[in-house]
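Below is one structure, written out as structure tokens, with a few remarks after it.
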Amino acid sequence: MIESLGSHFDDSYDFILSNDSNFFDSFYTHFFNSSNLIKNAFAYIDMDKQKQMLRESIKHLVKFYCTNKESEYLKTIARHHADKVRADEYMYKLFVDSFIQAIEDTYPNFCEEAALVWRCALKPGIDFMNSYKA
């Protein structure tokens with residue numbers, strides 16, 4: 185268990201990893217509906233591959249929270265989002281909001297504490313990615 189986050193995090197994280205198809209479908213529905221710019225950016229993307237990449241990215245965001253050390257994977261993703269995607273603070277906010285909405289949609293034990301711990305867990309990695317300069 186990640187002590188500072190508690191059981192709401194552990195349970196929901198295990199659930200996401202074991203039910204990732206439903207979770208990621210819900211996430212991308214919310215994410216695409218949050219902005220036409222985002223929806224259009226993914227128009228020609230292989231979504232199966234994208235979901236696998238997001239699954240891996242979540243692991244690295246959680247690892248960053250636990251260690252406060254960015255992995256090479258996270259640096260690569262941050263560089264891509266800075267250089268190619270030109271992601272900004274607003275896009276990252278939409279990402280986190282969509283992530284929380286997907287947890288609410290799919291995780292049967294969702295509560296506001298689960299949403300809060302996920303926001304806390306994602307924040308350091310998202311802040312790193314948002315501030316990344318190649």
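Going by my numbering, the sequence shown opens with residue 185, and the numbers climb by one from there.
Using N, Cα and C, we set each Cβ at its ideal position, and we do this for glycine too.
Is residue i helix, strand or coil by DSSP?
i: Tyr274; result: helix
i: Ser241; result: helix
i: Cys250; result: helix
i: Phe294; result: coil
i: Phe208; result: helix
i: Tyr316; result: coil
Here's a check: name, in chain order, each residue in its chain whose Cβ is nearer than 7 angstroms to the Cβ of residue i, leaving out the five neighbours to either side.
i: His214; result: Ser282, Gln285, Ala286
Taking its Cβ as the centre, do 16 or more other Cβ atoms sit within 10 Å of residue i, making it buried, or is it exposed?
i: Gly190; result: exposed
What residues in its chain sit with their C-beta under 6 angstroms from that of residue i, if we drop five residues either side in the sequence?
i: Val269; result: none
Evaluate the contact criterion for the region 204-213 versus the region 230-250: three or more CB pairs, one atom per stretch, below 8 angstroms.
yes
Assess contact between the region 296-314 and the region 216-231, defined as three or more Cβ pairs (one per stretch) separated by less than 8 angstroms. Is contact present?
no
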